[in-house]
Amino acid sequence: MSHFLWIEDFDNSPKATANNVLGSLFDDSYFSEDKRQLRKNLKQHGVFIELSFQDGLSFICQHLYKIDYVILDINLPAISEGDTINDAVLKKLTDFQAYQKQADEKEDEQLLTEKCKELREIAGFYLYTELVVELGFPKDHILFCSNHGEEVKSIKEAFESAKIALPTIYEKSAHEVQEWVKACYDNPYSRLRRGIVEGCNYLKTLTTNTLRFNDFIKEDEKKISLEDLVSYIGVLENFLPLQEPKNKERFYKLFVRTLAHEWEAADPKNLNKQNELFAFSWIMKMSRNWLAHGKVFEQLAAQDVAYLFIVNMRAMFDLGNDLLTYEKNLLSLFTDVVSVEKMLNSIGDNPKKRDYKNPAGRDIPLVENYAALLKKTGNTWQAINFHDALNNLQKNKNKTIESEYLIKGLYQIFWFLTSSGGVYIPQNEDEIKNFPALQYQFKHFKYQNTDYIFELARHIYNRSFSVER
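Okay, so the sequence shown: first residue is 680 according to the numbering used here, each after it adds one.
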């Protein structure tokens, strides 16, 4: 999900105002007439609320990295009730509202009250210019809202005086407000970037005992320290710009190149086990090699980058069995998700052989995909691992292989390498006659509903096996 900063004093009903602005995102139960409760409820879902000019300015100056979009009210109190004016607000009053500290304390208090009242009418203007002019925040990531005509007049005058183009200002009840908020919240690029940023913030807090990447590296001099990995994560955290680039596919490719670079010295064969860690290591090793020797990653989608980020960090670190918050956010990019019930029915519990022509109901289409891959390589009955066959296909300079097919193969590796059993190869003419296609005997691990591996599986299933993206 994308994160929002909403600077709003709720001078009318907080619940009604929140519903007007955020009703396209959240159920009415999230909205409360109690401002503190409303702030608490929405913060859990990526909406940070500040109630005054001073609090909003402090957030912008100190925590802008936490958010992707800003919703601004125009008319805001200088400070919240009971607060003391800080130096940043005093500077604004001095620089732009002609405030000069008075020797007499009472006169100074009266003047401050007067200047704060003047500030209130165009507080949103000062916050806007701080964001755009001082901090370079994208203008199209800011929405102005106002319910009062006199506020619009005041801020228009402020923009005209400063020779700054006036942004569109909407009433909070306007349908465009909810449409803008919904579009921003669901924007795949913003969701991907936010998930990566939040993930990197979490990963930088990990300790040495969670590091397992060196298990894939034989040579001691090539092993990596936790400090080096933290530096690497810092690069990833700041890689994607806040403003969605027009050529975002190029940024996706460069990001994945940076993500997979560390796998140059790693070898998945060091951990020859049929489980998700083995699968993840092969996915990243092959991604690294393909990036160095081909053009597979030219048209990545946001969900593909999210998948590789999750896989990479699970291979590098022991992150436990539960789905982490940032992983949940990244998996939300997969919109065609298999239900829990259907997933449980699909994976099955017991080993079985399935005939290619008469598929059993409770398993995963591994046979078809293995057969299709071998057909592409020209090896009809060659006993070879799926990932090795896929790698050979990518290396074949005489074949034009669609990038989409190979990217989908990186998803299918997960399924093949988390399945026990193997491909059955017909041994004689009678068997070839009786079994005209390959068979695959397998048993999936018993995924628990709370395990991250089950959630990953049901989110990527349709991306792994569907004909169309």
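Beta carbons: idealized from backbone N, C-alpha and C, even for Gly.
Coil, strand or helix - residue i by DSSP
i, result
"Asp752", "strand"
"Ser1011", "coil"
"Ser1145", "coil"
"Phe823", "strand"
"Leu798", "helix"
"Ser737", "helix"
"Tyr911", "helix"
"Leu845", "coil"
"Asp1130", "strand"
"Phe689", "coil"
"Ser711", "coil"
"Ser1098", "strand"
"Asn1029", "For Asn1029, the pLDDT reaches just 39, beneath the cut-off of 50, and the residue's location in the model is therefore unreliable, although a value from the coordinates is still provided. Coil, per DSSP."
"His940", "helix"
"Glu977", "coil"
"Ser904", "coil"
"Thr792", "helix"
"Phe705", "coil"
"Val831", "helix"
"His1123", "Model confidence at His1123 stands at a pLDDT of 46, short of 50, so the residue's coordinates are unreliable; what they give is reported in the following sentence. Strand."
"Gly878", "helix"
"Asn1091", "The question names Asn, but residue 1091 in the sequence shown is Gln. The answer is helix: DSSP assigns Gln1091 an H, G or I state."
"Asp762", "coil"
"Lys883", "coil"
"Asp774", "helix"
Closest residue to residue i among the options (Cα-Cα distance)
i, options, result
"Phe1093", "Asn691, Glu1083, Tyr1140", "Tyr1140"
"Gln776", "Ala782, Asp762, Phe804", "Phe804"
"Asp894", "Pro867, Phe918, Trp942, Gly878", "Trp942"
"Ser910", "Tyr931, Thr937, Ser869", "Thr937"
"Asp899", "Ala945, Lys1054, Asp762", "Ala945"
"Ser759", "Lys897, Pro817, Phe689", "Phe689"
"Glu955", "Arg993, His972, Phe930", "Arg993"
"Ala695", "Pro924, Ala862, Ser852, Leu684", "Ser852"
"Ile962", "Gly973, Pro947, His972, Ala971", "Pro947"
"Ile848", "Asn917, Leu704, Leu790, Asn754", "Asn754"
"Thr773", "Glu784, Glu797, Asp783, Ile750", "Glu797"
"Ala939", "Asn926, Leu908, Leu950, Pro924", "Leu908"
"Tyr931", "Cys795, Pro867, Leu790", "Pro867"
"Lys1055", "Ile875, Ile1063, Ile1043, Ala1068", "Ala1068"
"Ile739", "Val1046, Asp706, Val811, Asn699", "Val811"
"Asn1071", "Leu814, Ser840, His972", "His972"
"Glu906", "Asn926, Lys883, Arg870", "Lys883"
"Asn949", "Glu928, Ser869, Ile896, Pro924", "Ile896"
"Ser1011", "Phe732, Ile989, Lys770", "Ile989"
"His854", "Met995, Asn699, Glu1047", "Asn699"
"Lys927", "Ala980, Phe816, Met965, Lys964", "Ala980"
"Met995", "Ser904, Lys719, Tyr1049, His724", "Ser904"
Contact under 7 Å by Cβ, residue i with residue j
i, j, result
"Leu717", "Pro756", "no"
"Glu1134", "Leu987", "no"
"Arg1137", "Val975", "no"
"Leu919", "Arg872", "yes"
"Gln982", "Phe959", "no"
"Ser1082", "Gln978", "yes"
"Asp752", "Cys824", "yes"
"Arg891", "Asp734", "no"
"Trp859", "Leu806", "no"
"Gln1073", "Trp969", "yes"
"Asn1000", "Asp1130", "yes"
"Tyr881", "Ser681", "no"
"Phe710", "Ala697", "yes"
"Ser1143", "Tyr1090", "yes"
"Leu1052", "Phe957", "no"
"Ser1098", "Lys861", "no"
"Gly874", "Asn691", "no"
"Trp685", "Ile750", "yes"
"Asp787", "Lys780", "yes"
"Leu845", "Lys832", "no"
Presumed contact (8 Å Cβ cut-off) between residue i and residue j, rounded CB distance
i, j, result
"Leu730", "Lys714", "7 Å"
"Ala837", "Ile801", "4 Å"
"Val984", "Phe934", "6 Å"
"Leu885", "Glu809", "Not quite, the Cβ-Cβ distance comes to about 34 Å (not below 8 Å), so this is no contact."
"Ile1172", "Cys879", "The chain is shown only over 680 to 1148; residue 1172 falls outside these bounds and no answer can be derived."
"Tyr1005", "Glu877", "4 Å"
"Asn826", "Glu850", "6 Å"
"Leu743", "Leu814", "6 Å"
Beta-ladder partner(s) of residue i, from DSSP
i, result
"Val726", "Phe683"
"Leu890", "Phe996"
"Ser852", "DSSP lists no partner for Ser852."
"Asp1001", "Asp1130"
Residue-level contact to chain B via CB, residue i, 7 Å cutoff
i, result
"Asp713", "In summary, chain B is missing from the structure at hand, where a single protein chain is found."
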